[in-house]
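So that you can map any letter, position 93 of the sequence shown is 93 in the UniProt record's numbering, and since no number is skipped, the others follow by simple counting.
Note that CB positions come from ideal geometry on N, CA and C, so glycine has one too.
Quick caveat: nothing in here was measured; it's all calculated off a predicted structure.
Reading through the C-alpha coordinates given below for one structure.
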Amino acid sequence: MNSIKIKNLFFSIILLVIVSISLMACNNNEPSNKDVIITKVYVEEHAKAGLTNGLSAEEVKEVFGKPQKESVDGVFDVFLYYKINKKDYQLPENSIDHEGIIRGDVGYEMQIVLQNDKVMEYQYFYKVDDDVWEFRVSEDQTHDNKVTSSDE
(Lines of atoms letter the chains of each structure in order from A and count residues from 1; the text may use other names and numbers.)
(Lines give C-alpha, C1' and ligand atoms only; values in the text may rest on other atoms or scores of the structure.)
Protein backbone atom coordinates (compact mmCIF):
# COMPACT_ATOMS: atom_id res chain seq x y z
CA MET A 1 0.00 0.00 0.00
CA ASN A 2 2.83 2.36 0.81
CA SER A 3 4.46 1.89 -2.61
CA ILE A 4 1.15 2.73 -4.35
CA LYS A 5 0.93 6.04 -2.46
CA ILE A 6 4.53 6.85 -3.34
CA LYS A 7 3.90 6.04 -7.03
CA ASN A 8 0.75 8.21 -7.04
CA LEU A 9 2.63 11.06 -5.34
CA PHE A 10 5.51 10.71 -7.81
CA PHE A 11 3.06 10.69 -10.76
CA SER A 12 1.27 13.78 -9.38
CA ILE A 13 4.54 15.67 -9.01
CA ILE A 14 5.62 14.79 -12.56
CA LEU A 15 2.22 15.85 -13.91
CA LEU A 16 2.38 19.15 -11.98
CA VAL A 17 5.86 19.91 -13.38
CA ILE A 18 4.74 19.17 -16.95
CA VAL A 19 1.64 21.35 -16.63
CA SER A 20 3.67 24.18 -15.05
CA ILE A 21 6.26 24.10 -17.84
CA SER A 22 3.50 24.07 -20.48
CA LEU A 23 1.77 27.07 -18.91
CA MET A 24 5.01 29.04 -18.72
CA ALA A 25 5.75 28.32 -22.37
CA CYS A 26 2.30 29.57 -23.42
CA ASN A 27 2.26 32.50 -21.04
CA ASN A 28 3.14 35.32 -23.43
CA ASN A 29 3.58 35.23 -27.19
CA GLU A 30 4.32 38.97 -27.28
CA PRO A 31 8.04 39.69 -27.47
CA SER A 32 9.37 41.78 -24.65
CA ASN A 33 11.61 44.71 -25.44
CA LYS A 34 14.54 42.54 -24.44
CA ASP A 35 13.64 40.15 -27.30
CA VAL A 36 13.54 42.84 -30.00
CA ILE A 37 16.59 44.94 -30.83
CA ILE A 38 15.16 48.06 -32.42
CA THR A 39 17.61 49.62 -34.85
CA LYS A 40 17.05 51.91 -37.80
CA VAL A 41 17.44 48.91 -40.10
CA TYR A 42 14.81 46.98 -38.11
CA VAL A 43 12.42 49.94 -38.36
CA GLU A 44 13.08 50.25 -42.12
CA GLU A 45 12.34 46.55 -42.61
CA HIS A 46 9.07 46.60 -40.65
CA ALA A 47 7.62 50.11 -40.90
CA LYS A 48 6.54 50.23 -44.55
CA ALA A 49 4.92 46.81 -44.32
CA GLY A 50 3.18 47.95 -41.13
CA LEU A 51 1.69 50.93 -42.91
CA THR A 52 0.76 48.96 -46.02
CA ASN A 53 -0.92 46.24 -43.98
CA GLY A 54 -2.50 48.69 -41.51
CA LEU A 55 -1.09 47.07 -38.40
CA SER A 56 -3.24 47.25 -35.30
CA ALA A 57 -1.89 48.10 -31.84
CA GLU A 58 -1.66 44.41 -30.95
CA GLU A 59 0.17 43.61 -34.20
CA VAL A 60 2.64 46.44 -33.52
CA LYS A 61 3.36 44.85 -30.13
CA GLU A 62 3.99 41.52 -31.86
CA VAL A 63 6.60 43.17 -34.14
CA PHE A 64 8.25 45.66 -31.75
CA GLY A 65 7.40 44.28 -28.32
CA LYS A 66 5.45 45.97 -25.58
CA PRO A 67 6.11 49.74 -25.55
CA GLN A 68 7.81 51.24 -22.52
CA LYS A 69 5.21 54.02 -22.50
CA GLU A 70 1.79 54.52 -24.09
CA SER A 71 -0.01 57.82 -24.53
CA VAL A 72 -3.64 58.21 -25.52
CA ASP A 73 -5.14 61.63 -26.16
CA GLY A 74 -8.52 60.63 -27.57
CA VAL A 75 -7.48 60.93 -31.21
CA PHE A 76 -4.01 59.38 -31.40
CA ASP A 77 -2.33 56.57 -29.53
CA VAL A 78 1.44 56.85 -29.27
CA PHE A 79 3.71 53.95 -28.37
CA LEU A 80 7.14 54.98 -27.12
CA TYR A 81 10.15 52.70 -27.31
CA TYR A 82 13.62 53.71 -26.14
CA LYS A 83 16.99 52.44 -25.03
CA ILE A 84 18.53 53.98 -21.93
CA ASN A 85 22.32 53.63 -21.71
CA LYS A 86 22.80 55.34 -18.32
CA LYS A 87 21.52 53.70 -15.14
CA ASP A 88 18.59 55.53 -13.49
CA TYR A 89 18.35 58.01 -16.38
CA GLN A 90 14.89 59.58 -16.76
CA LEU A 91 13.52 60.70 -20.12
CA PRO A 92 11.81 64.08 -20.17
CA GLU A 93 8.02 63.90 -20.38
CA ASN A 94 6.30 64.68 -23.70
CA SER A 95 9.39 65.40 -25.79
CA ILE A 96 12.20 63.62 -27.59
CA ASP A 97 15.41 63.76 -25.53
CA HIS A 98 17.77 65.18 -28.17
CA GLU A 99 20.37 66.14 -25.55
CA GLY A 100 20.30 62.67 -23.99
CA ILE A 101 20.76 61.07 -27.40
CA ILE A 102 23.72 63.38 -28.21
CA ARG A 103 25.37 62.66 -24.82
CA GLY A 104 24.82 58.93 -25.30
CA ASP A 105 22.55 58.58 -22.26
CA VAL A 106 19.80 57.46 -24.64
CA GLY A 107 20.54 55.03 -27.47
CA TYR A 108 17.37 55.82 -29.43
CA GLU A 109 13.76 56.87 -29.06
CA MET A 110 10.98 55.63 -31.32
CA GLN A 111 7.37 56.73 -31.47
CA ILE A 112 4.68 54.81 -33.30
CA VAL A 113 1.54 56.85 -33.89
CA LEU A 114 -1.79 55.06 -34.31
CA GLN A 115 -5.25 56.37 -35.12
CA ASN A 116 -8.37 54.20 -34.96
CA ASP A 117 -6.14 51.24 -34.02
CA LYS A 118 -4.05 51.51 -37.23
CA VAL A 119 -0.44 52.66 -37.62
CA MET A 120 -0.10 56.10 -39.20
CA GLU A 121 3.55 56.93 -38.66
CA TYR A 122 6.89 55.75 -37.27
CA GLN A 123 9.51 58.17 -35.92
CA TYR A 124 12.92 56.81 -34.94
CA PHE A 125 15.46 59.23 -33.36
CA TYR A 126 19.10 58.19 -33.21
CA LYS A 127 22.65 59.57 -33.10
CA VAL A 128 25.08 59.91 -36.00
CA ASP A 129 28.40 61.45 -34.98
CA ASP A 130 27.25 64.31 -32.71
CA ASP A 131 23.90 64.87 -34.39
CA VAL A 132 20.39 63.57 -33.77
CA TRP A 133 18.66 62.20 -36.84
CA GLU A 134 15.02 61.36 -37.35
CA PHE A 135 13.97 58.49 -39.59
CA ARG A 136 10.27 58.99 -40.31
CA VAL A 137 7.97 56.67 -42.21
CA SER A 138 4.37 57.57 -43.00
CA GLU A 139 1.96 56.66 -45.79
CA ASP A 140 3.06 59.70 -47.81
CA GLN A 141 6.79 59.76 -47.22
CA THR A 142 9.94 58.21 -45.87
CA HIS A 143 12.79 60.49 -44.92
CA ASP A 144 15.93 60.59 -42.84
CA ASN A 145 16.86 64.08 -41.63
CA LYS A 146 19.22 65.65 -39.15
CA VAL A 147 17.04 67.34 -36.53
CA THR A 148 19.63 68.74 -34.14
CA SER A 149 23.35 68.73 -33.46
CA SER A 150 25.68 69.18 -30.53
CA ASP A 151 26.68 72.60 -31.96
CA GLU A 152 23.21 74.05 -31.35
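Checklist entry - Where does Lys-40 fall in DSSP's three states? => result DSSP places Lys-40 in helix when its eight states are reduced to three.
Next on the checklist: Applying the 10 Å Cβ sphere with the 16-neighbour rule, what's the burial state of Pro-67?
Outcome noted: buried
Checklist entry - Where does Glu-121 land, buried or exposed, given buried means 16+ other C-beta within 10 angstroms? => result buried
Checklist entry - Taking the C-alpha atoms as reference points, what is the distance between Leu-51 and Phe-76? => result 15 Å
Checklist entry - Terminal residues of the continuous beta strand (DSSP E) containing Lys-69? => result Lys-69 -> beta strand (DSSP E) spans 69-72.
Checklist entry - Per DSSP, what kind of secondary structure is residue 157 in: helix, strand or coil? => result What the structure shows of the chain is the stretch from 1 to 152, and residue 157 is not part of that stretch, so it cannot be assessed.
Checklist entry - If you count every other CB in all the chains shown that lies within 10 Å of the CB of Asp-97, and 16 or more means buried, which is it? => result buried
Item to check | Straight-line gap, Gly-100 to Ile-37 (C-alpha atoms, nearest Å) | outcome: 19 Å
Checklist entry - Relative to the alpha-carbon of Thr-148, which residue among Asp-73, Ser-138, Tyr-126 and Arg-136 has its alpha-carbon at the smallest distance? => result Tyr-126
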